[in-house]
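First comes the structure, then the notes that go with it.
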Amino acid sequence: MSINYSSFLLPESELNGIRKVLYSPTGDGFYVLKGFLPENIGQHIRRFWSEIIDTSCLNRSFCYKTRNEFFFGHPNVYRVAKDDTHDVKVFHNYLWNYPHDEVTHQIAHMVISMINQLERKPIYHELHPMRYRSDEKDAFKGCMLSYRVIQTFNNATVPEHRDFGKDDPHNCFPEKLNATLILSEHGKDYGGEGMSFTTNAGRKLILNKDLQLTTGDLLLWRYANLHGVDGVKSEAGQKGFMRIIYPREGVYDYAPEKDKIEEGAHVAAK
Amino acid sequence: MSLPSDECLVDSFLSEGIPLTMESAENWQELVNWQFDAIKDLGIKPEHKIIDIGCGFLRAGMNLVPYLNDHHYFGVDAFKPYLNIGKKLLSEIGVSNSFDVRFDTGFNLDQFGQTFDYAMSIAVVTHLSKKQIETLFKQLKKVMKPGGLFLMTYIPIKDCPPRGFYFHGFYDYPMSSSPFCNREYLQELASSLGIEWVTGLLPEESPSQKVGVFRF
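Protein sequences appear in the order of chains A and B.
Counting along the first sequence from 1, when you hit position 172 you're at 172 in this note's numbering, and nothing is skipped either side.
Counting along the second sequence from 1, when you hit position 146 you're at 1146 in this note's numbering, and nothing is skipped either side.
If you want it as structure tokens, here you go:
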């Protein structure tokens, strides 16, 4: 029997090669795991979130006006925006909820635990929310990682920005990573642009397009680097730019009052 | 002697699998300079010998190794990757003086076969149990010259319980924080061993922690 404590850890020799690309001042700040998912798994996830799920019975309301401000037990939320500047569907999923799709949910755990290991955090760090300690009032101590399925058909601008960088000293965690699990292919499922990203050395790329990413590829990237989404174009019947991201969310140790739930209801149900 | 660049620091950490970032590296030189200034204010001269307990990646060594005579800087640390980073950084900036730093988890300070004029322990005792702090002071008593000075920093008592964690996420380096350590406790412990808490030699605050100075 060779299973022991270390069996749960990814090989350090491989992780370290990836870390150098992500963090070195001369590195790219992103790393692609081509074919991270086997084809049948990737196709299952793509099909589930674009065809199988019944959006008519999903919760469409955030319980707070402020995005990224959740309480333990917040329900999953489905959001759709279709107007002159947005044409996007988003499924916000939290790890404490019974999953819509077990496959996506389990893979989220795997991706997040890999991110943790790359960041040199313990493997299960922030996988699940934890109550604050009495001496730690900082909201982001209660962070957990979630997964968000996004299907962008047209435009849906996410302006270029940084997360957890030094311009936000109270939430400066420059080692933080995010990941994008690609579920569609540029040139086939959509055209135009997509996810812009500026490397550690300052070079701007449109990652989904320039790297020819396709369903099942996993893109790891530094949160603190400039990034955004813009200029996606697709025709009726196309899947659009479809992906899953794994954002860090602030989690609060209380449930909202009823009026706050109603107040926030308009945010999502556009 | 110039310090390693931030880029060099980041890459040296990455070579040991620790994802330091440029943003995090920006302020490290402040602490490097504080450590050197503080020990110089206590009177260290090139002919003196110092033991650096929890020497880490040789933050103090960056200035002290080239300042002191050959083989006058000694250190121990319980985290091997830091020792490797420190040696690499000193080599990068072209330090040729010899020094002796070793992996050690038990404060075996007599392993060097030396007696010391100075000792320092920066941001270490907060991670020690009471028993370990007692061991540290007892071991220092064995190797410090009469009149020798020990500079340490600590985080004073807070209303929170001890916490265990993996250091830098390394699964073979479990650590803990035991923030019970305060001035009264340290003074009492030192006094019981015939060691004097000295005031007035340095400001009582470092950039991040409280400062204690002891005379043997």
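Beta carbons are placed, not taken as given, at the ideal position from N, Cα and C, and that holds for glycine.
Range covered by the alpha helix (DSSP H) that runs through residue i
i, result
"B/Y1067", "1061-1067"
"B/S1129", "Run containing B/S1129: none; DSSP gives neither H nor E here."
"B/D1077", "Looking at the DSSP string, B/D1077 is not in any alpha helix (DSSP H); the run it does join, the beta strand (DSSP E), is 1073-1077."
"A/R60", "No alpha helix (DSSP H) holds A/R60; DSSP gives it neither H nor E."
"A/H44", "39-47"
"A/A179", "Per DSSP, A/A179 belongs to no alpha helix (DSSP H); it is in the beta strand (DSSP E), 177-182."
"B/M1022", "1022-1025"
"B/S1091", "1080-1092"
"B/F1013", "1006-1015"
Other residues of its chain near residue i: CB distance less than 8 Å, five sequence neighbours each side excluded
i, result
"A/E25", "Just to set this straight, residue 25 of chain A is Pro in the shown sequence, not Glu. Here the set comprises N200, A201."
"B/T1135", "G1106, F1107"
"A/N116", "P122, I123, Y124, H125, E126, L127"
"B/K1131", "none"
"B/D1110", "Q1139, K1142, V1143"
"B/K1210", "T1153, Y1154, I1155, P1156, R1183, E1204"
Cross-chain neighbours of residue i in chain A, by beta carbon under 7 Å
i, result
"B/T1126", "Within 7 Å Cβ-Cβ: nothing; B/T1126 doesn't reach chain A, min ~14 Å."
"B/D1011", "S24"
"B/E1007", "P25"
Spatially closest choice to residue i from the options, by CA coordinates
i, options, result
"B/H1072", "B/G1194, B/Q1139, B/G1061, B/P1161", "B/G1061"
"A/D167", "A/A81, A/G228, A/Y223, A/N116", "A/Y223"
"A/D163", "A/G228, A/F71, A/Y23, A/P11", "A/G228"
"B/A1013", "B/G1075, B/G1086, B/L1068, B/C1055", "Ala is not the amino acid found at residue 1013 of chain B; the sequence shown has Phe there. Out of B/G1075, B/G1086, B/L1068, B/C1055, B/G1086 has the C-alpha closest to the C-alpha of B/F1013."
"B/S1206", "B/C1055, B/A1123, B/R1163, B/D1100", "B/A1123"
"B/G1075", "B/V1213, B/F1112, B/P1004", "B/F1112"
"A/R148", "A/D84, A/Y23, A/I182", "A/I182"
"A/G187", "A/T214, A/C172, A/S6, A/R243", "A/T214"
"B/Y1067", "B/H1048, B/F1079, B/I1053, B/L1083", "B/H1048"
"A/T152", "A/F173, A/V21, A/N208, A/F72", "A/N208"
"B/I1039", "B/L1151, B/L1193, B/V1125", "B/L1151"
"B/L1089", "B/Q1187, B/L1201, B/Y1185, B/S1002", "B/S1002"
"A/S184", "A/L9, A/L37, A/I107", "A/L37"
"B/D1070", "B/S1098, B/S1091, B/V1010", "B/S1098"
"B/C1055", "B/D1041, B/L1042, B/P1081", "B/P1081"
"A/L58", "A/V77, A/L15, A/G27", "A/V77"
"A/D217", "A/D87, A/A179, A/H100, A/P129", "A/A179"
"B/W1028", "B/Y1171, B/S1191, B/R1059", "B/R1059"
"A/L220", "A/D28, A/V32, A/G17", "A/V32"
6 Å Cβ shell around residue i - same chain, five flanking residues per side excluded
i, result
"A/A139", "Unreliable positioning characterises A/A139 in this predicted model, as indicated by a pLDDT of 44, which lies under 50. The coordinate reading is nonetheless provided below. The residues are G250."
"B/I1018", "H1168"
"B/F1036", "N1063"
"B/I1133", "V1125"
"B/R1102", "V1076"
"A/L205", "F197"
Where the beta strand (DSSP E) through residue i begins and ends
i, result
"A/E193", "191-198"
"A/R162", "It is not in any beta strand (DSSP E) - A/R162 carries neither H nor E in the DSSP assignment."
"A/A156", "Where A/A156 is concerned, there is no enclosing beta strand (DSSP E), given that its DSSP letter is neither H nor E."
"B/M1120", "1116-1121"
"A/H109", "No beta strand (DSSP E) contains A/H109, which is instead part of the alpha helix (DSSP H) from 102-118."
"A/H227", "227-233"
"B/G1056", "Per DSSP, B/G1056 belongs to no beta strand (DSSP E) and is neither H nor E."
"A/Y246", "A/Y246 -> no beta strand (DSSP E), and no H or E assigned at all."
"A/L218", "218-222"
"A/L9", "That residue, A/L9, is in no beta strand (DSSP E); it is neither H nor E in DSSP."
"A/V77", "77-82"
"B/V1213", "1210-1215"
"A/L205", "204-206"
Within chain A, the residues that residue i reaches when beta carbons sit closer than 8 Å
i, result
"B/T1199", "Ordered by position in chain A, no residue passes the 8 Å Cβ test against B/T1199, which lies about 28 Å from the chain."
Contact set for residue i: own chain, Cβ-Cβ below 7 Å, skip 5 residues either direction
i, result
"A/E160", "S196, L226, H227, G228"
"A/H74", "C63, Y94"
"A/R19", "L118"
"B/D1006", "M1022, A1025, E1026"
"B/N1033", "none"
Neighbouring residues, chain B, relative to residue i (Cβ below 7 Å)
i, result
"A/K20", "L1014"
"A/E119", "P1019"
"A/N16", "G1017"
Listed by chain order, chain B residues near residue i by CB distance under 8 Å
i, result
"A/E12", "G1017"
"A/L127", "Correct list: empty, because the minimum Cβ distance to chain B is about 14 Å."
"A/S6", "Y1171"
Partner residues on chain C for residue i, Cβ-Cβ distance less than 7 Å
i, result
"A/P122", "As a matter of chain content, chain C is missing from the structure shown, whose protein chains are A and B."
Amino acids of chain B, ordered along the chain, whose beta-carbon sits closer than 9 Å to that of residue i
i, result
"A/L9", "Y1171"
Residue i CB to nearest heavy atom of the ligand ZN below 8 Å
i, result
"A/F164", "The ligand ZN is absent from the structure shown, which contains no ligands of any kind."
Which residues, taken in chain order from the segment 165-187 of chain A, show a beta carbon closer than 8 Å to some beta carbon of chain B? For chain B, the residues of the segment 165-187 of chain A that bring a beta carbon within less than 8 Å of one of its beta carbons are G165, K166, C172, P174, E175, in chain order.
Which residues, taken in chain order from the segment 22-47 of chain A, show a beta carbon closer than 9 Å to some beta carbon of chain B? Considering only beta carbons, the part of the segment 22-47 of chain A lying closer than 9 Å to chain B consists of L22, Y23, S24, P25, T26, G27, in chain order.
Note down, in chain order, all residues in the segment 212-227 of chain A with a beta-carbon under 9 Å from any beta-carbon belonging to chain B. Among the residues of the segment 212-227 of chain A, those with a Cβ less than 9 Å away from any Cβ of chain B are R222, A224, in the order of the chain.
Residues in the segment 1023-1042 of chain B with C-beta within 8 Å of chain A's C-beta atoms, listed in sequence order? Hits within the stretch, in order: E1023, S1024, E1026.
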